[in-house]
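Read through the structure below, which is laid out as structure tokens, and then see the notes.
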Amino acid sequence: DTEVTQTPKHLVMGMTNKKSLKCEQHMGHRAMYWYKQKAKKPPELMFVYSYEKLSINESVPSRFSPECPNSSLLNLHLHALQPEDSALYLCASSQAGQGEEKLFFGSGTQLSVL
Amino acid sequence: GENVEQHPSTLSVQEGDSAVIKCTYSDSASNYFPWYKQELGKGPQLIIDIRSNVGEKKDQRIAVTLNKTAKHFSLHITETQPEDSAVYFCAAKRTNAGKSTFGDGTTLTVKP
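These protein sequence lines map, in sequence, to chains S and H.
Numbers in the numbering used here are just positions in the first sequence, counted from 1, shifted up by 213.
Numbers in the numbering used here are just positions in the second sequence, counted from 1, shifted up by 30.
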């Protein structure tokens, strides 16, 4: 199984809502990532978890809260978002500790904030 | 930090022709260079990568070349097919630290 599964595929939320994005992989990868991608732009790194510990936070606003319950799951909790947070949110995984970062991406959650 | 420039931003070729996408990086310590293909509605997919101790790597119709001295690397696609139409991203990374830095992407269109 070489898939990274993200749910939901689409999400529309108001600025006062709380929602969560979910990501799952069963490749035994111990590094998991959240990226944000705007249309016609490259993915922008948000967070990295390595062996279930947060190792990189790219100065992301606190309205985005990541969580890694176990080595296969990654969540992104959202609250009080702004319209400019509308984007494609991508989860990725890779084998940790190997230096080379071969990223396996999910298909993403298309988020619209109204 | 690392900066990766990618050219061209758009590329249109006739089916069967070759396509070349070029990237330049700034950090001489970068030593791992992957290429990702992103089709519409999907996440990026790793299609080929190269380490700095190798000058060229080939996988069927795709190849990547690396010039460490000039700090640039290129993706070559031969005998292009309509299914090669996608956005291609190059990236650069130090294998011992840091994160992958992506280029801005190239939209490749292969006309039947």
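Cβ atoms here follow ideal geometry from the backbone N, Cα and C, with glycine treated the same way.
P282 (chain S) by DSSP, collapsed to three states: which one? If DSSP states are grouped into helix, strand and coil, P282 (chain S) belongs with the strands.
Cβ closer than 9 Å: which chain H residues qualify as neighbours of F318 (chain S)? In chain order: Y66, Q68, K72, G73, P74, Q75 and L76.
Beta-carbon separation of V140 (chain H) and S42 (chain H) under 9 Å? For the 9 Å CB-CB criterion, V140 (chain H) and S42 (chain H) form a contact.
M228 (chain S) burial status per 10 Å Cβ neighbour count (16 or more: buried): That one is exposed.
Residue-level contact to chain H via CB, A305 (chain S), 9 Å cutoff: The Cβ of A305 (chain S) sits closer than 9 Å to at least one Cβ of chain H.
Would you identify the three-state DSSP class for E35 (chain H), choosing helix, strand or coil? Residue state, collapsed to three classes: strand.
Would Y66 (chain H) pass as a contact of Y118 (chain H) if the rule is Cβ separation under 9 Å? Contact flag set, yes.
For I269 (chain S), which option in S:C236, S:Y246, S:L286 and S:P282 has the closest C-alpha, if you only look at C-alpha atoms? The shortest Cα separation from I269 (chain S) among S:C236, S:Y246, S:L286 and S:P282 belongs to S:Y246.
May I have the straight-line CA-CA distance separating E86 (chain H) from L291 (chain S), to the nearest angstrom? Roughly 43 Å between the two C-alpha positions.
Please confirm whether F119 (chain H) has its beta-carbon closer than 9 Å to some beta-carbon of chain S. Taking Cβ atoms only, chain S reaches closer than 9 Å to F119 (chain H), which makes this a yes.
Can you list, in chain order, the residues of its chain whose CB lies under 8 Å from that of A121 (chain H), leaving out five sequence neighbours each side? Hits under 8 Å: V34, F63, P64, W65, Y66, S130, T131, F132 and G133.
What does the alpha-carbon distance come out to for the pair L287 (chain S) and D47 (chain H)? L287 (chain S) and D47 (chain H): Cα-Cα distance of roughly 42 Å.
State the DSSP-derived secondary structure class of E113 (chain H), mapped to helix, strand or coil. The three-state secondary structure of E113 (chain H), taken from DSSP, is helix.
Starting from G241 (chain S), find everything on chain H with Cβ-Cβ shorter than 8 Å and list it in chain order. The contacting residues do not exist; G241 (chain S) stays about 17 Å from chain H at best.
Can the beta-carbon of V217 (chain S) be found closer than 9 Å to that of S299 (chain S)? It is not a contact, given that the beta carbons lie outside the stated cut-off.
Between F103 (chain H) and chain S, is any beta-carbon pair separated by less than 9 Å? No, F103 (chain H) lies away from the interface with chain S (no Cβ there is under 9 Å from its Cβ).
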